[in-house]
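Asks: The structure is given below, and queries will be raised subsequently.
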Amino acid sequence: MSHFDSLPWPYPIKYGEQTNYDADVLVLGGGIAGVWAAITAARTGARVAIMEKGDTRRSGAGGTGCDHWQWAADNPGSGVTPNELSNALVANHGGWRNGMSTYIQCASGYETLLELEAMGAKVRDVDDEFAGAPFRDEKTKLLYAYDYDNRFVIRVWGANFKPLLRMECLRRGVQIVDRVNATTLLTENGRHGARIAGAAGVNTRTGAYVVVRAKAVVLATNRPQRVFTFSSEHRGVTAFRGASNVGNGHAMAWRIGAEFTMMEKTIRSPFASPYSYPPYGSGNAINTWYPCTIVDANGKEAPWVDVNGKVLTTVEERCHPAEGQKFFIMGGGNASQPHPGLKQYGGPRLIPDLEDRMMRGEFTPPFYADMTSMPDYERRAIWGLMVGQEGRTRIPVLQTYSEGGFDPARDMLQTYDFIRGHGMREPVAPQERTFGEIGVSGGMMVDWDMMSNIPGLFGAGDLLFGAQDHSHAATTGRYVGARAALHAQGKDFAGISEEQIVRDKERVYAPLTAKPDSLDWKELNAGVARVMQNYCGEVKNAELLSLGEMWLADIAANEVPRLAADNPHKLMRALDVADILTCAQMIVAASQRRKASSSTLHFSRLDYPDLDPPDWQKFLVIRKGETDIETSYRPHGFWGDLEANYAPRAAENRSALRHKVSSAA
Ligand SMILES: Cc1cc2nc3c(=O)[nH]c(=O)nc-3n(C[C@H](O)[C@H](O)[C@H](O)COP(=O)(O)OP(=O)(O)OC[C@H]3O[C@@H](n4cnc5c(N)ncnc54)[C@H](O)[C@@H]3O)c2cc1C
6 MSHFDSLPWP YPIKYGEQTN YDADVLVLGG GIAGVWAAIT AARTGARVAI MEKGDTRRSG
66 AGGTGCDHWQ WAADNPGSGV TPNELSNALV ANHGGWRNGM STYIQCASGY ETLLELEAMG
126 AKVRDVDDEF AGAPFRDEKT KLLYAYDYDN RFVIRVWGAN FKPLLRMECL RRGVQIVDRV
186 NATTLLTENG RHGARIAGAA GVNTRTGAYV VVRAKAVVLA TNRPQRVFTF SSEHRGVTAF
246 RGASNVGNGH AMAWRIGAEF TMMEKTIRSP FASPYSYPPY GSGNAINTWY PCTIVDANGK
306 EAPWVDVNGK VLTTVEERCH PAEGQKFFIM GGGNASQPHP GLKQYGGPRL IPDLEDRMMR
366 GEFTPPFYAD MTSMPDYERR AIWGLMVGQE GRTRIPVLQT YSEGGFDPAR DMLQTYDFIR
426 GHGMREPVAP QERTFGEIGV SGGMMVDWDM MSNIPGLFGA GDLLFGAQDH SHAATTGRYV
486 GARAALHAQG KDFAGISEEQ IVRDKERVYA PLTAKPDSLD WKELNAGVAR VMQNYCGEVK
546 NAELLSLGEM WLADIAANEV PRLAADNPHK LMRALDVADI LTCAQMIVAA SQRRKASSST
606 LHFSRLDYPD LDPPDWQKFL VIRKGETDIE TSYRPHGFWG DLEANYAPRA AENRSALRHK
666 VSSAA
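Just so we're aligned, residue 6 is where the sequence shown starts under our numbering, counting upward by one.
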């Protein structure tokens, strides 16, 4: 029992009390994708509501900031086209990336950023802090990251993007329903797989029940975490993604028969490790810290190499493509973790055999990030602009370290490379895997409208299959807001089944009923994670996966009914873990059905050891049918020509907008 358990619950309790709303477009999840979807839908004149589990001011993975605006190939400085860049990104992920949403990101990243600028965001160096820097375009004052020749990643001041977007929602008349955990998607007359009718949720403070009738629903609830590892004591409930993102959207959509793909992709990854470092809080040379100089304990510099293995002697050389390479996607990191597409699109990074050299005595640990020897503009870009705007770093890292006396022109910051792992990444056991915590992962299958197989159910942001990034969430949210509003036009509300509501209330309030042998949500989360480690870890075969299916079904039947909660917050946690269990079942089901190993999907089947056989180069799609799980496949590149599919929809979206975004002035 914690100290808080002895305090009285601070909000009025309203279990079961029901509030009803109507909306043309209902957005579930007021994160980056959600607020953008709401703004665009409202700009068409639609009546829009957001149901958000936390507080739309700062909730979600992008609520605390963004320093890189990725893949804006439509910006005036870009040396690559949206088509080139999207195809490169898809190829770099072995074909398992969402070509449609990646194209939306590459083709409208800058267009979207301009709208954000009109809302009051700082997206260019208007104060001339970096005048003359090689990553600055003097005319537009845009600052670029990574590839200074091809200029498609923009450095931005993103720490306040989220509050600005929320203000714009309010200006556009969006009904924001904060602190309500969406639990259930409602379908026409409660029929499985039928047209969407709305959604229901539970207030996380009062326990009240909320029903929103809607003609279109945009799911923007990010993706599952805590499926393989869980430690509330070591790292809280999250290391990298937003704490409220646990895959509720995946579970809700699965229950009504939506299709999902890439669910078998799980990674052995430190981002779920209880021992991870605070993101970007230790010295490293990746993402936000790119292209930082790394030195050993004696001040000896670790060499950088380009994709051809050529040693790069200056900091500036780390920011240009190699000979024979048109552009590179992203540099940095440690080459002992090679990127699948390294040769074609790989960027400069630390020399691959640094660890071996250290073991042979050529370098002495520990290593340090040494900004003191870097050009002043690069140092200020990392420590100031980037660390100041990146999510979760402004206060914990920049402010705390600065107040503690850290001066990047004088001091170095230790990196844990080779003593505990790589940069902020630590090695973990094979079974300590992540699903949605990091990277491109599995999610809802959609078409070019970003609509699922459930009529009227759309998706945006990290929830979509094969997708990631802040700018991806913004651009897909912005696009889908218009698609959903157009879909809703001229439609009536679908009928809501009272029986579905009654059954749902029984389900969501079940943990409130006292039980003699009750189970805490944390125990259940740890139990699900242990089953996943044992039976869906790095080593998989049909037998192990069958045991996993059996144990998860057993937990669903016998342990979930024992879940207990004595306040609305714990009720939310209990429902979350029940959804994590559902997501675990989806992952095991997909893993059982992929009968081949795959390097890109980090998927290894002992009983199907052939790596990436040609007939398995395809998306495996699963869906909960009325009786069984149904399986289907889509070929890589099933989305067809990118520009030909995108352009007419983007034009239709633009012409549907009746209102401009508000000018901050
Ligand atoms: C520390 C950190 C740094 C990052 N830096 C960058 C960067 O610099 N550049 C970049 O491109 N990307 C970055 N990312 C990734 C980026 O933030 C995400 O890709 C992006 O926020 C995804 O947007 P989203 O809308 O899909 O999800 P989110 O922004 O996470 O929003 C999901 C929302 O859904 C809500 N929600 C969840 N479940 C429910 C439910 N059941 N009912 C109601 N609401 C619900 C959540 O509370 C949340 O508000 C970073 C992420 C982190 C964590």
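Cβ atoms here follow ideal geometry from the backbone N, Cα and C, with glycine treated the same way.
On a predicted model such as this, the values are computed, not experimentally measured, just so you know.
Can residue 461 and residue 654 be called in contact, C-beta distance under 9 Å?
Replies: The residue you call residue 461 lines up with position 456 of the sequence shown. The residue you call residue 654 lines up with position 649 of the sequence shown. Against a cut-off of 9 Å, the Cβ pair of residue 654 and residue 461 comes out as no contact.
Asks: Are residue 91 and residue 115 touching if we call contact CB-CB under 9 Å?
Replies: Taking the first residue of the sequence shown as position 1, residue 91 is located at position 86. Taking the first residue of the sequence shown as position 1, residue 115 is located at position 110. Contact: no.
Asks: Mark residue 250 as exposed unless 16 or more other C-beta atoms lie within 10 angstroms of its C-beta, in which case mark it buried.
Replies: Position 245 of the sequence shown, counting from 1, holds the residue named residue 250. Per the 10 Å Cβ criterion, buried.
Asks: If you follow the beta strand (DSSP E) that residue 56 is in, where does it begin and where does it stop?
Replies: What you label residue 56 is simply residue 51 of the sequence shown in a count that begins at 1. Taken as a continuous stretch (DSSP letters only), the beta strand (DSSP E) holding residue 56 covers 53-56.
Asks: Is residue 254 near ligand 1, in the sense that its beta carbon is under 8 Å from a heavy atom of that ligand?
Replies: As a first step, residue 254 is located in the sequence shown; it is residue number 249 there, counting from the start. Yes, the Cβ of residue 254 comes within 8 Å of a heavy atom of ligand 1.
Asks: Could you please give the first and the last residue of the uninterrupted beta strand (DSSP E) stretch that includes residue 628?
Replies: In the sequence shown, residue 628 corresponds to position 623, counting from 1. Its beta strand (DSSP E) spans residues 623-629.
Asks: Anyone know if the C-beta pair for residue 602 and residue 613 falls short of 9 Å?
Replies: The count along the sequence shown starts at 1 and reaches residue 602 at position 597. The count along the sequence shown starts at 1 and reaches residue 613 at position 608. Yes, the Cβ-Cβ distance between residue 602 and residue 613 is below 9 Å.
Asks: Tell me whether residue 57, by its Cβ, gets closer than 8 Å to a heavy atom of ligand 1.
Replies: The count along the sequence shown starts at 1 and reaches residue 57 at position 52. Checking every heavy atom of ligand 1 against the Cβ of residue 57, one is found closer than 8 Å.
Asks: Report the three-state DSSP secondary structure of residue 607 (helix, strand or coil).
Replies: On the sequence shown, position 602 is the one that residue 607 refers to. The answer is coil: DSSP assigns residue 607 none of H, G, I, E or B.
Asks: Cβ-heavy atom distance between residue 395 and ligand 1 below 8 Å?
Replies: The sequence position of residue 395 within the sequence shown is 390, counting from 1. For ligand 1, at least one heavy atom lies less than 8 Å from the Cβ of residue 395.
Asks: According to DSSP, is residue 486 part of a helix, a strand, or is it coil?
Replies: The sequence position of residue 486 within the sequence shown is 481, counting from 1. Correct three-state label for residue 486: helix.
Asks: Looking at residue 210 and residue 184, is the spacing between their C-beta atoms short of 9 Å?
Replies: Counted from its first residue, the sequence shown places residue 184 at position 179. Counted from its first residue, the sequence shown places residue 210 at position 205. Contact flag set, yes.
Asks: Going by the CB atoms, is the gap between residue 160 and residue 285 shorter than 9 Å?
Replies: Start at 1 with the first residue of the sequence shown, and residue 285 comes out as number 280. Start at 1 with the first residue of the sequence shown, and residue 160 comes out as number 155. No, the pair does not count as a contact, with Cβ atoms beyond the cut-off.
Asks: I'd like to know whether the C-beta atoms of residue 222 and residue 31 end up nearer to each other than 9 Å.
Replies: Looking up residue 222 in the sequence shown gives position 217. Looking up residue 31 in the sequence shown gives position 26. Yes.
Asks: Is residue 638 buried or exposed, if buried means 16 or more other CB atoms sit within 10 Å of its CB?
Replies: In the sequence shown, residue 638 corresponds to position 633, counting from 1. Answer is exposed; the Cβ neighbour count stays below 16.
Asks: Anyone know if the C-beta pair for residue 16 and residue 573 falls short of 9 Å?
Replies: The count along the sequence shown starts at 1 and reaches residue 16 at position 11. The count along the sequence shown starts at 1 and reaches residue 573 at position 568. Going by C-beta atoms, residue 16 is nearer than 9 Å to residue 573.
Asks: Hey, could you find the ends of the alpha helix (DSSP H) residue 110 is sitting in?
Replies: Locating residue 110 in the sequence shown gives position 105, where the first residue counts as 1. It spans 104-123 - the alpha helix (DSSP H) in which residue 110 sits, taken as one unbroken run.
Asks: Could you give the residue range of the alpha helix (DSSP H) that holds residue 382?
Replies: As a working note, residue 382 is residue 377 in the sequence shown. 381-385 is the extent of the alpha helix (DSSP H) around residue 382.
Asks: In chain order, what residues of the same chain lie with their CB nearer than 7 Å to the CB of residue 501, ignoring the 5 residues before and after it?
Replies: One-based indexing of the sequence shown puts residue 501 at position 496. Same-chain partners within the cutoff: 191, 202, 203, 218.
Asks: With 16 as the cutoff for other CB atoms within 10 Å, does residue 1 come out buried or exposed?
Replies: Residue 1 cannot be examined here, being either before or after the span of the chain that is shown, 6 to 670.
Asks: Could you tell me which of 158, 134, 59, 123 sits nearest to residue 474, measuring between CA atoms?
Replies: Taking the first residue of the sequence shown as 1, we reach residue 474 at position 469. Comparing Cα-Cα distances from residue 474 to each of 158, 134, 59, 123, the minimum goes to 158.
Asks: Does the beta carbon of residue 479 sit closer than 9 Å to a beta carbon anywhere in chain C?
Replies: Among the chains in the structure shown there is no chain C, since it carries only a single protein chain.
Asks: Mind reading off the beta-carbon distance from residue 524 to residue 568? Whole number of angstroms is fine, and I expect it under 8 Å.
Replies: In the sequence shown, counting from the first residue as 1, residue 524 sits at position 519. In the sequence shown, counting from the first residue as 1, residue 568 sits at position 563. The Cβ separation is near 5 Å, so the contact holds.
Asks: Would you check if the distance between the CB atom of residue 509 and the CB atom of residue 38 is smaller than 9 Å?
Replies: Counting from one through the sequence shown, the residue named residue 509 turns up at place 504. Counting from one through the sequence shown, the residue named residue 38 turns up at place 33. For residue 509 and residue 38, no; Cβs fall outside 9 Å.
Asks: Residue 511: buried (16+ other C-beta within 10 angstroms of its C-beta) or exposed?
Replies: Position 506 of the sequence shown, counted from the start, is the residue given in the question as residue 511. Answer is exposed; the Cβ neighbour count stays below 16.
Asks: Please classify residue 390 as buried or exposed, where buried requires at least 16 neighbouring CB atoms within 10 angstroms.
Replies: Here residue 390 refers to the residue found at position 385 when the sequence shown is read from its first residue. Answer is buried; the Cβ neighbour count reaches 16.
Asks: Tell me, to the nearest whole angstrom, how far the beta carbon of residue 139 is from that of residue 153; I am working on the premise that it is less than 8 Å.
Replies: Translated into the one-based positions of the sequence shown, residue 139 becomes position 134. Translated into the one-based positions of the sequence shown, residue 153 becomes position 148. Correct: roughly 6 Å between the Cβ atoms.
Asks: Can you give me the start and stop residues for the alpha helix (DSSP H) that residue 97 sits inside?
Replies: In the sequence shown, residue 97 corresponds to position 92, counting from 1. Here residue 97 belongs to no alpha helix (DSSP H), and DSSP marks it neither H nor E.
Asks: So does residue 535 have its beta carbon nearer than 8 Å to some heavy atom of ligand 1?
Replies: Locating residue 535 in the sequence shown gives position 530, counting from the first residue. Checking every heavy atom of ligand 1 against the Cβ of residue 535, none is found closer than 8 Å.
Asks: So, at 8 Å on beta carbons, what are the nonlocal neighbours of residue 609 in its own chain, with the 5 sequence-adjacent residues on each side left out?
Replies: Locating residue 609 in the sequence shown gives position 604, where the first residue counts as 1. Cβ within range, chain order: 543, 544, 545, 602.
Asks: Can you give me the Cβ contacts of residue 664 inside the same chain, cut-off strictly under 6 Å, excluding the 5 residues immediately before and after it?
Replies: The sequence position of residue 664 within the sequence shown is 659, counting from 1. Here the set comprises 48.
Asks: Give every residue of the same chain whose Cβ lies closer than 8 Å to the Cβ of residue 643, excluding the five residues on either side of it in the sequence, and list them in chain order.
Replies: Counting from one through the sequence shown, the residue named residue 643 turns up at place 638. Cβ within range, chain order: 624.
Asks: Please name the residue or residues paired with residue 141 in a DSSP beta bridge.
Replies: Counting from one through the sequence shown, the residue named residue 141 turns up at place 136. Per DSSP, 148.
Asks: Using the C-alpha atoms, what's the distance from residue 42 back to residue 360?
Replies: Working through the sequence shown from its first residue, we reach residue 360 at position 355. Working through the sequence shown from its first residue, we reach residue 42 at position 37. Those two C-alpha atoms are separated by around 46 Å.
Asks: Would you report the Cα separation of residue 12 and residue 18, rounded to the nearest angstrom?
Replies: Position 7 of the sequence shown holds residue 12. Position 13 of the sequence shown holds residue 18. Taking the straight line from one Cα to the other gives about 15 Å.
Asks: Which same chain residues, not among the five before or five after residue 393, have their C-beta less than 6 Å away from its C-beta?
Replies: Counted from its first residue, the sequence shown places residue 393 at position 388. Answer for residue 393: 399, 403, listed in chain order.
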